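Asks: What follows is a single structure, and I will ask about it in a moment.
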Amino acid sequence: MQFNFDDTIAALASAAGSAARGILRLSGSEVQTAINEIFTPDDSSRWNTATRAQRHLGVLQLRDFRTPLQVAVYLWPNARSYTGQPSAELHLPGSPPLLEAALGELYAHGARPAHPGEFTMRAFLAGRIDLVQAEAVLGVIDADDQPQFKTALSQLAGGVSGRIDAVRSDLLNLLADLEAGLDFVEDDIEFVSRKELLTRIESARDAMALLLSQASSRMISTGRRRVVIAGLPNAGKSTLFNTLIGRSAALVSGERGTTRDYLSADCDWNGTAINLIDTAGWEKANDELTAEAQQRRRAQLEQADLVLWCTPANLEAEEQADDRRSRLEISTARCPILEVRTKSDLIETHSATNTIDVSAAQGTGIEKLIVRATAELSRDRAEGQELVGTTAARCRESLENTIGTLERAHAAAANGEGEEIIAIDLHDSLGHLGRILGTVYTDDILDRIFSRFCIGK
């Protein structure tokens, strides 16, 4: 990715399509020069002498539009902007032809089209944000639900970077003490004791091990949560599925075995993005079609984040053994299982406290089920909620390498090795941490990260 960061760039920063307001974003040394060709400020003196971030009202005049338009320009005239360069946002009516014409004239007067993610890349290269925070910008844009959005905002605010930087800072100080000791080795001066050295290496290793655990958990829980509805045939699974997604997608019948293949639909449960799946009922495979249906049912269960196990309230006594047996079959799954008693309107007694009574026909118990389900889903996500998924994927190897080099340094210190050996491992650890934060990077890494951004970000 070879960009000229001395250029002035411009792009549409608001969503595509018609809207009450559209935003054009610019960054570079010639921002005001380009805008001056199409914008006349109401207070030209204030505009020409601006030294801090301000809003400027004025008139936009384009060649292809005869009528002047009242617009606002938000100007950052110096390096105290998001990108670390003079920057501006032009706020005008959100008509696509108007926005396109304004961009065209900005391009004609010195600006060039921005590449995907170029504004954020400039912010990174200017030191305004680190690489972890840059990925959080994309996380905010791509968030599917409220938990993902809050995770990205926390990471953007420096929650993850601060933890890594604290470890990096302590390792730098520790390395400085070790290397100072090497300069005075003949004088037998000890700048840091072996006990303190071991303790500080252990602390750094444990902090990175916790972050690695969260990264691993985040990779598992990235995206929509897969909730699988399972149970015996005719347990009310498809009726519950239709109720939870708010439409009749699954065929419902009083006959057993109506569902042969699985059905899938996306929905939102109190801000959590869900992929809900209805599966065939558990039964013995006496023919090829049933065997295939059971295989597909098992495949969905293996990928589930949560299983809703449906047992009808009017289950016959002779079927209760099958229900227990089939329920036991999935009890070893890695995901939590919620026991749901369907068709609860057919009986008067309530079930045990750990089972949720629902009647899809009457709509009772549905809200309680959703609350319980989202609570279960949030538990396994809480482990990795501080990390955006792309950061977790990118940093996992560097975290593993950091832990490995710290363990080598710890072993060397514990075995009485020389401080120069320990220092080498600490140098390596700092290199791996630098790759996470972006103090050490290659063009390939930047290309992979910023190419996923949309233009204007």
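If you read the sequence shown in our numbering, its first letter stands for residue 906, the second for the next number, and so on.
Glycine residues also receive a C-beta, built at the ideal position from the N, C-alpha and C atoms.
What you are looking at is a predicted structure, and each value in this text was computed from that prediction instead of being measured.
1) Is N1180 helix, strand or coil by DSSP?
2) Excluding the five sequence neighbours on either side, which residues of its own chain have a C-beta within less than 6 Å of the C-beta of A1041, listed in chain order?
3) Under 8 Å by Cβ, that's how I've got L1076 and L1331 pegged, so tell me the actual separation to the nearest angstrom.
4) Identify, in the order they occur along the chain, each residue of the same chain with its Cβ nearer than 6 Å to the Cβ of S1158, setting aside the five sequence neighbours on each side.
5) With which residues is Q959 paired in a DSSP beta bridge?
6) Taking the alpha-carbon positions, what's the E1010 to F970 distance?
7) Counting Cβ pairs closer than 8 Å, one from the stretch 1298-1314 and one from the stretch 993-1012, do we hit at least three?
8) If I'm right that S934 touches P991 with Cβ under 8 Å, what's the distance once you round it to whole angstroms?
9) Since S1356 and G1022 are thought to touch, with beta carbons under 8 Å apart, how far apart are those beta carbons, to the nearest angstrom?
10) Pick helix, strand or coil for Q990, following the three-state DSSP scheme.
11) Taking 9 Å as the cut-off, decide whether the C-beta atoms of L1243 and M1113 are in contact.
12) With H, G and I counted as helix, E and B as strand and the rest as coil, what does DSSP make of C1359?
13) Buried or exposed: where does I1252 fall if 16 or more other Cβ atoms within 10 Å of its Cβ makes it buried?
14) Short of 7 Å in beta carbon distance, which residues of its chain neighbour A1140, apart from the five on each side in sequence? Order them along the chain.
15) Measure the alpha-carbon distance for L1213 versus V1133 and round it to whole angstroms.
16) Return the CA-CA distance between L917 and G1336, expressed in angstroms with no decimal places.
17) Is the beta carbon of T945 sitting closer than 9 Å to the one on G963?
18) Reducing DSSP to helix, strand and coil, say where A1209 ends up.
19) For A1318 versus R1027, is the C-beta distance shorter than 9 Å?
20) Excluding five sequence neighbours on each side, which residues of the same chain lie with their C-beta closer than 8 Å to the C-beta of T1269?
21) Kindly identify the DSSP beta-bridge partner or partners of P946.
22) Which residues in the same chain as W952 place their Cβ atom closer than 6 Å to its Cβ, once the five residues preceding and following it in sequence are excluded?
23) Between A915 and P1018, is the Cβ-Cβ spacing less than 9 Å?
24) If we ignore side chains and look at the alpha-carbon of each, how far apart do A958 and G1063 end up?
25) Do D1228 and L1220 have their CB atoms nearer than 9 Å?
Replies: Put simply:
1) strand
2) A1057, Q1060, L1061 and V1293
3) 6 Å
4) Confidence at S1158 is low in this model, with a pLDDT of 48, below 50, so the placement of that residue should be treated as unreliable; the coordinate-derived value is given next. Closer than 6 Å at Cβ, skipping near neighbours: no residue.
5) L980
6) 12 Å
7) no
8) 6 Å
9) 7 Å
10) coil
11) no
12) coil
13) Exposed, because fewer than 16 other Cβ atoms sit within 10 Å of the Cβ of I1252.
14) So the list reads G1186, C1215, T1216, P1217 and T1247, once near-sequence residues are dropped.
15) In this structure, the straight-line span from the alpha carbon of L1213 to that of V1133 is close to 6 Å.
16) Roughly 37 Å separates the two Cα atoms.
17) yes
18) Coil.
19) no
20) Cβ neighbours of T1269 within its own chain (closer than 8 Å, five residues either side excluded): S1249, D1250, D1262 and V1263.
21) G963
22) P946 and H961
23) yes
24) 23 Å
25) yes
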